[in-house]
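Residue numbers (the working numbering), protein chains in the order written: chain A, 26 to 387; chain B, 18 to 397.
The C-beta atom is built at its ideal place from N, Cα and C for all residues, glycine as well.
The structure presented is a predicted model; accordingly, all values stated were derived computationally and were not measured.
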């Protein structure tokens with residue numbers, strides 16, 4: 026599986042120059058046993074409810090299903106809901122460097138096929154959701170990670186990424202032996218800056234003297250930083266070589282490279298969005314200290330369960346620490362000895378005693 | 018007289034044979050890939066080759082106009098034997114500057130638009146001009162310098178965007194100040210479509226016509242083509258090659274500066290983090306596909322836009338990844354390059370045979386070596 030996907034990447038890259046299109050590892054399915062076949066969920070296993078006549082559409086961000094992180098988290102929520110409530114699903118995926126009209130057209134294709142609700146994963150869909158939701162007032166749209174498009178038929182799902190990142194930053198500072206840790210961001214955009222800000226604040230709350238190396242893989246409009254493991258590997262290798270022993274990655278599909286670098290340098294890494302101890306390649310499992318959980322799966326599942334109950338929520342739905350919309354994972358047992366301290370910080374954030382910044386200090 | 022007509026027909030036949038062959042090859046390879054992967058090739062082709070809805074047609078024309086400008090920018094360099102890989106960086110920095118200038122709105126209405134367009138062309142030209150100057154003063158290959166300048170452009174724009182961007186509280190998007198609506202370039206509707214064709218399409222067409230006229234009908238264009246075909250010959254006939262290199266890089270960059278503007282003035286009205294990327298590289302493929310010909314590039318640009326638009330719903334409708342189009346586009350470009358070479362050799366052999374027959378020798382003079390250089394050799 027691994028080798029094939031690498032082959033595809035190489036082939037894709039050589040074509041990219043000719044075709045002028047981004048190459049991506051879109052054939053990489055996650056190997057956790059979750060349903061790999063697209064669009065055919067709901068008939069897997071005997072516990073699932075027989076699909077009815079309702080179909081959900083999900084428009085992924087760049088990377089799509091199989092990124093082991095951001096998009097997979099959304100997919101997991103949809104799969105679970107589809108299984109429990111008997112929904113059919115259809116999926117579409119963004120390409121790197123596609124025009125705005127391609128995103129709009131993806132949403133319209135769903136709407137024309139009477140697929141409802143339509144879930145758009147990622148803030149890049151904000152302008153297209155705003156436009157298409159107006160064209161199709163009878164369809165319902167969910168926009169994840171953005172409140173920029175609003176309307177009667179739009180639900181905005183927002184996360185307090187900085188709060189979850191604060192906790193894994195604190196964990197990193199407690200576990201670091203060199204007092205030097207790192208942060209690898211996929212693309213230098215405000216969303217990922219929130220992860221950085223929280224992480225640095227958390228680490229400094231534990232150890233004000235700690236040194237945090239920060240690096241972003243690409244600058245917008247180049248979004249390849251969310252899907253290029255080689256870049257993630259190079260950047261984090263530099264940090265490990267420079268003395269950091271724990272690196273947090275908020276880089277989508279590029280995170281796999283950070284895990285590889287950690288494994289090669291006897292360091293540790295922190296996963297993002299999904300519980301990556303479970304979703305990442307088994308060969309790098311042992312280096313994943315914890316993961317900052319951004320429960321897009323729960324948000325999607327919550328929404329769909331309300332849809333199943335016949336009430337469609339609209340407006341902003343904020344997922345923060347108080348509702349466990351963000352958090353940290355304990356798989357692997359590496360942070361078992363510090364969960365009390367971390368939960369203490371968590372309570373202080375919920376109570377408002379600690380206010381986590383959403384923008385990096387500098 | 019009739020032989021002249023016949024020669025013309027042969028030339029036309031050869032001209033059409035090459036792209037037709039390339040498309041057939043792309044069709045075959047793509048079908049093969051789909052079959053091997055076990056995907057329904059028939060359904061995929063049904064979707065891709067179906068007649069687009071009016072609103073999809075509008076999208077194709079719009080995307081095509083952007084690709085067209087990019088293709089022309091690259092083609093100007095190609096004609097001069099310059100490989101301007103930097104169109105990508107040039108259009109991004111130019112679109113950014115245009116967005117900032119137009120967003121600040123120092124001038125009213127369309128004056129503001131015109132000023133922003135001129136600024137974009139100037140910045141694009143300047144950015145490409147750096148590579149031109151490095152080439153003539155220091156002998157730095159423009160391939161290397163434009164690649165490097167792409168990276169510099171990305172970093173510079175990202176840095177400046179952070180400095181100048183406006184961001185609403187809590188938003189995950191940042192962008193330049195929105196262009197006031199009286200400076201937008203309006204579109205025109207197509208029957209049955211809910212969206213509009215960019216007004217900028219007209220400017221793209223004007224650029225195409227200007228390109229064609231300058232290259233084919235002016236002294237400058239002649240010098241440019243001559244330098245591209247043989248630098249030594251151009252020098253011998255009194256062409257200042259260094260000057261030509263700088264000027265053609267400036268022109269290529271100026272057109273590259275226009276690439277992002279249809280989107281900016283017709284759709285986005287701001288340069289943000291999701292502004293479309295990668296247009297410059299698409300231009301390279303499209304210029305190759307269109308053989309640097311103004312009409313050829315129209316066809317190439319529309320073909321690329323058509324394939325991408327039609328493939329977009331593939332995953333939803335057929336369950337096949339739309340990335341199959343990347344394979345298709347790659348094969349088309351490769352095939353076009355190869356097939357043209359083959360057809361050109363075949364053509365020159367035909368010509369030689371004809372010449373041989375006309376001279377009454379009956380043999381095919383010079384045949385056996387083949388190659389596109391033969392004609393020139395024969396003439397000297």
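Contacts around residue i, its chain only, beta-carbon distance under 6 Å, and the 5 residues preceding and following it disregarded
i: residue 30(B); result: none
i: residue 220(A); result: 186, 190, 275
i: residue 269(A); result: 205, 206, 207, 238
Minimum Cβ-Cβ distance from residue i to chain A less than 7 Å
i: residue 279(B); result: no
i: residue 106(B); result: no
i: residue 188(B); result: yes
i: residue 292(B); result: yes
i: residue 295(B); result: yes
i: residue 36(B); result: no
i: residue 101(B); result: no
i: residue 167(B); result: no
i: residue 80(B); result: yes
i: residue 193(B); result: no
i: residue 76(B); result: yes
Contact belief for residue i with residue j at Cβ below 8 Å, rounded distance in angstroms
i: residue 277(B); j: residue 296(B); result: 7 Å
i: residue 272(A); j: residue 225(A); result: No, residue 272(A) and residue 225(A) are not in contact; Cβ-Cβ is about 13 Å, not under 8 Å.
i: residue 171(B); j: residue 274(B); result: Not quite, the Cβ-Cβ distance comes to about 16 Å (not below 8 Å), so this is no contact.
i: residue 344(A); j: residue 184(A); result: 5 Å
i: residue 112(A); j: residue 79(A); result: 5 Å
Backbone secondary structure at residue i - three-state DSSP
i: residue 347(B); result: helix
i: residue 113(A); result: strand
i: residue 244(A); result: coil
i: residue 49(A); result: Confidence at residue 49(A) is low in this model, with a pLDDT of 36, below 50, so its placement is unreliable and no value can be given for it.
i: residue 146(A); result: strand
i: residue 316(A); result: strand
i: residue 206(B); result: strand
i: residue 298(A); result: strand
i: residue 93(A); result: coil
i: residue 88(B); result: helix
i: residue 293(B); result: coil
i: residue 381(B); result: Residue confidence is low: residue 381(B) scores 49 on pLDDT, short of 50, so the model does not pin down where it sits. Its coordinate-derived value is still stated next. Coil.
i: residue 168(A); result: strand
i: residue 119(A); result: coil
Neighbour list for residue i in chain A, Cβ cutoff strictly below 7 Å
i: residue 63(B); result: Ordered by position in chain A, no residue passes the 7 Å Cβ test against residue 63(B), which lies about 15 Å from the chain.
i: residue 284(B); result: 125
i: residue 134(B); result: Neighbours of residue 134(B) on chain A: none; closest Cβ ~20 Å, over 7 Å.
i: residue 184(B); result: 215
i: residue 171(B); result: 244, 247
i: residue 208(B); result: The contacting residues do not exist; residue 208(B) stays about 18 Å from chain A at best.
Chain B contact for residue i (CB, 7 Å cutoff)
i: residue 216(A); result: yes
i: residue 149(A); result: yes
i: residue 254(A); result: no
i: residue 127(A); result: yes
i: residue 263(A); result: no
i: residue 247(A); result: yes
i: residue 134(A); result: yes
i: residue 244(A); result: yes
Interface partners of residue i on chain A, CB under 9 Å
i: residue 309(B); result: Those do not exist, as residue 309(B) stays about 16 Å from chain A at its closest Cβ, beyond 9 Å.
i: residue 211(B); result: 160
Contact list for residue i against chain B, beta-carbon separation under 9 Å
i: residue 171(A); result: 188, 189, 190
Neighbourhood of residue i by C-beta, 8 Å cutoff - its chain only, sequence neighbours within 5 removed
i: residue 290(A); result: 262, 265, 266
i: residue 191(B); result: 178, 179, 182, 183, 184, 289, 290
i: residue 324(B); result: 65, 342, 345, 346
i: residue 50(B); result: 341, 344
Other residues of its chain near residue i: CB distance less than 7 Å, five sequence neighbours each side excluded
i: residue 363(A); result: 196, 199
i: residue 314(B); result: 85, 88, 89, 92, 303, 304, 307
i: residue 122(B); result: 129, 197, 200
i: residue 329(B); result: 339
i: residue 322(B); result: 77, 80, 81, 84
Residue i Cβ short of 6 Å to the ligand SAH heavy atom set
i: residue 224(B); result: Although the ligand SAH was asked about, the structure shown includes no ligands whatsoever.
Partner residues on chain B for residue i, Cβ-Cβ distance less than 8 Å
i: residue 131(A); result: 329, 330, 333
Amino acids of chain B, ordered along the chain, whose beta-carbon sits closer than 7 Å to that of residue i
i: residue 388(A); result: Residue numbering for chain A in the displayed model covers 26 to 387; residue 388(A) lies beyond these limits and cannot be assessed.
i: residue 122(A); result: 293, 294, 295
i: residue 118(A); result: 332
Chain A residues whose Cβ lies nearer than 8 Å to that of residue i
i: residue 69(B); result: What residue 69(B) touches in chain A: nothing, since even the nearest Cβ is about 10 Å away.
Interface residues of chain D facing residue i [CB-CB closer than 8 Å]
i: residue 115(A); result: No chain D is present in this structure, whose protein chains are A and B.
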